[in-house]
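Chemist: Submitted below is the structure of interest, expressed as structure tokens.
Numbering (the working numbering), first residue to last: 5 to 129.
Set out below in structure tokens:
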């Protein structure tokens, strides 16, 4: 019984942490009205996706894919997810920068960063 619990939950803690982070980020995106908090929720969600995707590349006993002398066999970790996540991190930082600049511009124009207040101000004009 305990071995089954360990096998299902504890041995895959990184997947569970990614799911928890996804739920926290999704909650922030849906429930919060402040645009900055929504952007923070988006970043938390992106981080969870990064963690989840990198977790798939794990190989038990795997090593970094580097050159080894002739005749030496090794089990390699797949480098492609790491490369894709590095690209996704750059895109995520760019999205965050554009989002923050849009929020600053909205605040300069309308004086609010709350979603409901923004809708009232826009409809009132």
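Note that CB positions come from ideal geometry on N, CA and C, so glycine has one too.
Look up residue 38 in the DSSP assignment and give the residues it is bridged to.
Modeler: Looking at the DSSP assignment, residue 38 forms a beta bridge with 118.
Chemist: Quick one: what's residue 67 bridged to in DSSP?
Modeler: 80
Chemist: Under three-state DSSP, which class holds residue 127?
Modeler: helix
Chemist: Where residue 72 and residue 59 are concerned, what is the direct C-alpha to C-alpha distance, given to the nearest angstrom?
Modeler: Here the C-alpha atom of residue 72 lies approximately 25 Å from the C-alpha atom of residue 59.
Chemist: How long is the line joining the alpha carbons of residue 110 and residue 120, rounded to whole angstroms?
Modeler: Near 13 Å, if we compare the C-alpha coordinates of residue 120 and residue 110.
Chemist: Alpha carbon to alpha carbon, how far is residue 35 from residue 65? Give it in angstroms, no decimals.
Modeler: 42 Å
Chemist: Taking all protein chains shown into account, do 16 or more other C-beta atoms lie within 10 angstroms of the C-beta of residue 37, making it buried, or fewer, making it exposed?
Modeler: Residue 37 is exposed by the Cβ-count criterion.
Chemist: Would you mind working out which of 11, 39 and 84 sits nearest residue 102, comparing C-alpha positions?
Modeler: 39
Chemist: Does DSSP classify residue 74 as helix, strand or coil?
Modeler: coil
Chemist: What does a CB cutoff of less than 6 Å around residue 82 pick up in its chain, not counting 5 residues either side in sequence?
Modeler: Here the set comprises 61.
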